[in-house]
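Input: a single structure, listed below in structure tokens.
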Amino acid sequence: MNFEDIIDKFEIDKHSRKSDRVQAKCPCHDDENASLTISHKGDKTFLFCHAGCETRDILESVGLKMSDLFDKPLEINEEKKSAFEKDIEAIYKFYDENGDLAYEKIRKKGKKFLHRRYIDGAEIWGMEEGIHTETFPGSNSWSMKKRPGAKTAFWPEQEQLLYNLPNLMKAVKNKEVVYIVEGEKDADNLILRGLVATTTSIGATKGDLGKKWPSRFNKYFKGANVVLLPDNDAPGRAFMEHIAEQIKELANSVKIVELPNLDEKGDISDWFEDGNDIYDLLDLVKRTDEFVQYKGNIIYDFNWSDVGNAERLISIYGKDIKFNVNQGKWYVWNGVNWELDNSFKVENLYRRVLRKFQKDIVNINIKNDEQATSKQKEKAKAFVLRNETDGKIKGVLNQAKTFQGVNFIESDRDDYLFNTPEATINLRNLNQKKHDRRDLITQCSNYSFNRENDKCPNWIAFLNRIFCGDQELINYVQKAVGYSLTGDMSEQCLFMLWGGGANGKSTFVKALEDIMGSYAATIKGETLMEKNVQDGARGDLARLTNKRVVIASELQEGQVFNEPLLKVLSAGETLPVRFMYQEEFMLKPKFKLWIMTNKKPKVKGNDHGIWRRWRMIPFKYKFTEKEKDPNFYEEKLKPELEGILLWAITGYQMWKEQGFEAPKEVMEAVEDYKMDMDQVARFIEDCCFIREDAECTGSAMYDEYLNWCINEGENYKMTNHKLARDLKEKGFVNKRDMYGKKWGGIGIKAFK
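Numbering (our numbering) for the sequence shown: 1004 to 1755.
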């Protein structure tokens, strides 16, 4: 039945109508929100109720059958069915790479299967080549059955194809996950739930594995993300392991997912009938590790000891686990980057090693000595039990982390590689490459690099508003964000986003944080303040290792910046840090500080070394109550984040090509900040006068300064020595006469 005829059976939401998709009210529950999605893809219609109603129940409610979801269902005259046709339960169509029908697989009652194909109007039964006989005169229907006196003809062999092949090829190209199951019924059940699935014409219980899965099938899975769902029996698991071994080197990732709580010989269709849904399956896939196969003898290849078990673990899973010496933590490869093992995956991998050891005990065989064989099996079982204790598990992992090639100290070494979910980008030339364990990348952005998605109109309009249309400032901000994609610290600067409330700072920073993904981190403003000075290694900074954007917020008026720390962090100079309960190590910052504040914390120093680093980005616009939209980010900016990442990458190119000269707006804001922070200049303006013959004793000057600090509410008060040094830097002379030290050229207004 075609798509239009199907949607006519439902109460649809006309405003949601697209060419191949529409929302409708589900007839299986009291539906007020049109929660049923009806879509069309390929030659099938798909139904998905967001309230969880089953497709079969929905169809029955409007008088349709599952077969009606196919555009070209089997047409059979119910009144004229032959005995043969009445036994047919399903017909599965196999298409070639071009989308042309190659053959059909017919399922009959009793789980019997036949293959049928059509060549030049002839109906041929079976896949073999050879002499066929006509089933009855004039029928143009042929089979290999011998029929004396019947007309004969030679028909070529039909190669076995993968089910749903054209859609499989599209899915691999589009980086979608593809599922391999045992049987067309299972494949259709996944397809009807919106997934891409395939299977072979020959089941897992017949013939040798090479015939069931010809090597020519492997090419279709180059770069694919594959999930295999075996039936719950030994042949099913063996078949799926064989497929996994065949495609492992070509595919991007391979997982064998064993469905829980299935009866013997149960399959994915049974699992769905037991009440599980598509979300249960996706969650199970997410929690399943990639397929790994050890081809040696796990029992005798290594000693029966902690070291031997560590060698077993490394031999099987070594390429996917690493130990960070500085952190004292395990990392696991997730197919995109090395991620911190917060869910005990490495321990679970070791338990798998023990299960494999336990499973292979049955293969122990001491030739011609049954008693010795039995004794050795008992020893092996006892060894497994001993090594399942908490102490033994920790002992094995302690041994494993010492292996060369497993432990690492420095990761994310290339400052110009930027990792995304789809590929790793080399920012130098914008080339993309496949994720590679050897790059030791531990971070990943949330969005991918898509050259074609360069549209982010809401973002551009937002920037124009918050920066009051100042294109020079907008270009500078774009370059600053692009520079922040890298681990390059050559600019030795830090950014302060400054301005009153309701000016777009938080929205801007949220977008920056979202595109950066795990490359971004946040800290409290107090981390950068003087009162947070710690002796020895900084534990609060250790977690910033390999970050590229660090956002500081919650800054309070009156706080004083830790200037030596700011200099070190902005220059990328090393400093001692430590993770909790670990030895200290030297952190080399690769992150740009983005400080977001409404108030300006104190900067005590007036030296060039601190002020040359500041880049003040003023936020002068103020949104009116009428302009405020609480859903602006979620509805307008979030859909554009992939385009915003491309905007940032363009900013990187602008930085490399044009340099990083700050616009007048930025440097004027820095000068204003510097003047605000110049305590001595403000004291002189308020309390002193400058004249060639003016003079004042040092003690009187310092007393006047302290009184001024109290009156002005200044929390920070200089020492007499520091005040004297700053006055000298401003050109005043400290001279001595018979009455003691005096300042020349400056006097106190109150004494004038």
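Where a beta carbon is used, it is the ideal one built from N, C-alpha and C, also for glycine.
Straight-line gap, residue i to residue j (C-alpha atoms, nearest Å)
i       : j       : result
Phe1406 : Lys1289 : 29 Å
Glu1082 : Lys1068 : Interpretation of Glu1082 is limited by its pLDDT of 49, a score under 50 that renders its predicted location unreliable; the figure taken from the coordinates is listed afterwards. Approximately 19 Å, taken between the alpha carbons.
Ile1319 : Lys1348 : 14 Å
Asp1517 : Asp1418 : 20 Å
Val1606 : Asp1679 : 9 Å
Trp1274 : Val1230 : 16 Å
Pro1030 : Ala1200 : 28 Å
Gly1716 : Gln1559 : 15 Å
Pro1567 : Asn1036 : 59 Å
Asp1011 : Thr1040 : 14 Å
Phe1465 : Asn1170 : 40 Å
Ala1697 : Pro1604 : 34 Å
Leu1077 : Ile1094 : Low confidence applies here, because Leu1077 scores a pLDDT of 48, under 50, leaving its location unreliable and the question unanswered by this model.
Asp1023 : Ile1281 : 22 Å
Ile1477 : Asn1467 : 7 Å
Ala1054 : Val1184 : 27 Å
Gly1408 : Val1328 : 12 Å
Trp1128 : Tyr1223 : 27 Å
Thr1264 : Gly1066 : Residue identity check: residue 1264 is Asn in the sequence provided, not Thr. Whole-angstrom Cα-Cα distance: 33 Å.
Arg1739 : Ala1684 : 24 Å
Lys1096 : Pro1233 : 22 Å
Lys1380 : Ile1396 : 22 Å
Leu1316 : Val1356 : 6 Å
Asn1080 : Glu1014 : Residue confidence for Asn1080 is low, a pLDDT of 46 falling below 50, so the modelled location carries little weight; the figure read from the coordinates is stated next. Using only the alpha carbons, I get a separation of about 30 Å.
Lys1084 : Asn1101 : With a pLDDT of only 46 at Lys1084, under 50, the local geometry of the prediction cannot be trusted, and no value is derived from it.
Cβ-based burial, residue i [other Cβ within 10 Å; buried from 16]
i       : result
Arg1551 : buried
Met1589 : exposed
Arg1219 : exposed
Val1736 : exposed
Phe1470 : buried
Ser1377 : exposed
Tyr1166 : buried
Pro1592 : buried
Val1365 : exposed
Ser1702 : exposed
Gly1186 : buried
Gly1504 : exposed
Gln1249 : buried
Lys1149 : exposed
Pro1140 : exposed
Residues bridged to residue i (per DSSP)
i       : result
Tyr1297 : Paired residues: none, contrary to the question.
Arg1792 : For residue 1792 there is no data in the structure shown, the boundaries of the chain being 1004 and 1755.
Trp1333 : Phe1326
Pro1621 : Trp1501
Ser1042 : Arg1024 and Phe1049
Leu1231 : Ile1183 and Ile1259
Ala1200 : Tyr1182
Phe1421 : Ile1428
Phe1763 : Here the chain covers residues 1004 to 1755 and nothing more, so residue 1763 does not appear.
Span of the beta strand (DSSP E), counted from its first residue to its last, around residue i
i       : result
His1611 : Unbroken run through His1611 is the alpha helix (DSSP H), His1611 to Trp1614; no beta strand (DSSP E).
Gly1750 : Gly1743 to Ile1751
Asp1696 : Cys1691 to Thr1700
Thr1048 : Lys1047 to Cys1052
Ala1665 : Taken as a continuous stretch (DSSP letters only), Ala1665 belongs to no beta strand (DSSP E), as it is neither H nor E.
Tyr1095 : Ile1091 to Tyr1098
Arg1110 : Leu1104 to Lys1111
Gln1435 : Asn1434 to Lys1436
Leu1343 : Trp1341 to Leu1343
Asn1429 : Thr1427 to Asn1429
Phe1157 : Thr1155 to Trp1158
Ser1144 : Ser1144 to Ser1146
Min CB distance residue i to chain B below 9 Å
i       : result
His1724 : In the structure shown, chain B cannot be found, because there is only a single protein chain.
First through last residue of the alpha helix (DSSP H) which encompasses residue i
i       : result
Glu1314 : Asp1309 to Tyr1320
Val1175 : Leu1168 to Lys1176
Ser1064 : Thr1058 to Ser1064
Lys1225 : No alpha helix (DSSP H) contains Lys1225, which DSSP labels as neither H nor E.
Gln1361 : Lys1348 to Asp1363
Checklist entry - Unbroken alpha helix (DSSP H) runs of length 4 or more, entirely within the segment 1385-1419: which are they? => result Taking 4 residues as the shortest admissible run, the segment 1385-1419 contains the following complete alpha helix (DSSP H) segments, listed from N- to C-terminal end: 1393-1403.
Checklist entry - Which ranges does the alpha helix (DSSP H) cover as unbroken runs of at least 4 residues, wholly within the segment 1447-1527, from first to last along the chain? => result For the segment 1447-1527, whole alpha helix (DSSP H) runs of length 4 or above, ordered along the chain, are 1460-1469, 1474-1487 and 1508-1519.
Next on the checklist: To test your reading of the DSSP string, which unbroken alpha helix (DSSP H) runs of 4 or more residues are found completely within the segment 1531-1600?
Outcome noted: Contiguous alpha helix (DSSP H) elements confined to the segment 1531-1600 occur at 1566-1574, taking only those with 4 or more residues.
Next on the checklist: Could you tell me which whole alpha helix (DSSP H) segments of length 4 or greater appear in the segment 1243-1286?
Outcome noted: The qualifying runs are 1271-1276.
Next on the checklist: Runs of 3 residues minimum, wholly inside the segment 1118-1142: which ones carry the beta strand (DSSP E) assignment?
Outcome noted: Secondary structure remark: continuous beta strand (DSSP E) runs of at least 3 residues inside the segment 1118-1142, in chain order: 1125-1128 and 1133-1137.
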